[in-house]
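Peer 1: Sending over a structure as structure tokens; questions will come in a sec.
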Amino acid sequence: MRRIIQLPFSAYAFLALTAITFAQDIIWRDAKGNPAPDTEFRTSKDGFGGWLLVTPDTDWQKKWETSPEIIPHFNGSDTVERGKQLFILTFFSNPKTDSNGTADVTCDIDVTRPNGTSSVHQVDAICFRGKLEGDASNVRFSAPILSFTGEPNDPAGKWTVRVILKDNQRQVALSLSTSFTLQQTAAKSRNESLLAFCICRPCINSQLALFAKPRMR
Numbered sequence: 325m326r327r328i329i330q331l332p333f334s335a336y337a338f339l340a341l342t343a344i345t346f347a348q349d350i351i352w353r354d355a356k357g358n359p360a361p362d363t364e365f366r367t368s369k370d371g372f373g374g375w376l377l378v379t380p381d382t383d384w385q386k387k388w389e390t391s392p393e394i395i396p397h398f399n400g401s402d403t404v405e406r407g408k409q410l411f412i413l414t415f416f417s418n419p420k421t422d423s424n425g426t427a428d429v430t431c432d433i434d435v436t437r438p439n440g441t442s443s444v445h446q447v448d449a450i451c452f453r454g455k456l457e458g459d460a461s462n463v464r465f466s467a468p469i470l471s472f473t474g475e476p477n478d479p480a481g482k483w484t485v486r487v488i489l490k491d492n493q494r495q496v497a498l499s500l501s502t503s504f505t506l507q508q509t510a511a512k513s514r515n516e517s518l519l520a521f522c523i524c525r526p527c528i529n530s531q532l533a534l535f536a537k538p539r540m541r
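Structure representation (structure tokens):
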């Protein structure tokens, strides 16, 4: 089952990820402050940055809405068992604002089944629209959150998620994509959930700490 959860704009409480702005460019940085290369799921263009994350964390919203002193950890996963749940989260940073301080970010969302048919198709979903509070380079949640639960009649195999993240004030679009595998049986994959993402929130200078580490078994 696929559904899109629409967060209210009040849930956008900004959080520090890896976005630092230099000469109108977003540079994603790792935990040591080194520039992180663009990938299919994390990229930037002309000062606008986006990041797409697949997580099995059912408490993702609780982790996000903690105080700035608490460092939330998001587990990443590229597999899911039938009956289990995944969430696809989209982050963005540094949208351009107009003379009134208003930002306008929308996205196109496509989820494709292993057989190539469309599971989700949505155009111009509102990610953020309104007055931007705080530093523009803070990283924010996109309002549409994809929820996936593997049902008995869903085809096993690789599911692909594509998001076109659009900064309409800047007229820049970012193409983001990721994927996960719905397992045929409940047997655990050897590659299951080997990544954990740590999002640091220092008081000064927004930083994203991105770690790869084994999970507790």
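Our numbering applies: residue 325 is where the sequence shown begins, and numbers increase by one.
Just so you know, even glycine gets a beta-carbon here, dropped at the ideal spot from N, CA and C.
This structure is a prediction, so every number in the text was calculated from the model and none was measured.
1. For residue 385, does the three-state DSSP call read helix, strand or coil?
2. Nearest to residue 432 by alpha carbon, out of 466, 367, 418?
3. DSSP has residue 418 in a bridge; who is on the other side?
4. In chain order, what residues of the same chain lie with their CB nearer than 6 angstroms to the CB of residue 446, ignoring the 5 residues before and after it?
5. According to the Cβ coordinates, are residue 498 and residue 489 closer than 7 angstroms?
6. Quick test of the definition: if touching needs 3 or more C-beta pairs under 8 angstroms, does the region 465 to 484 touch the region 412 to 424?
7. Compare the Cα-Cα distances from residue 458 to each of 500, 421, 493 and report the closest residue.
8. Going by the CB atoms, is the gap between residue 379 and residue 358 shorter than 7 angstroms?
9. Assuming contact is defined by CB atoms lying nearer than 7 angstroms, are residue 461 and residue 364 in contact in what I supplied?
10. Are the CB atoms of residue 479 and residue 438 within a distance shorter than 7 angstroms?
11. For a cutoff of 7 angstroms on Cβ pairs, would you count residue 439 as touching chain C?
Peer 2: Taking the structure as given:
1. helix
2. 466
3. Paired residues: none, contrary to the question.
4. 433
5. yes
6. yes
7. 421
8. no
9. no
10. yes
11. The displayed structure is made up of one protein chain only, and chain C is not part of it.
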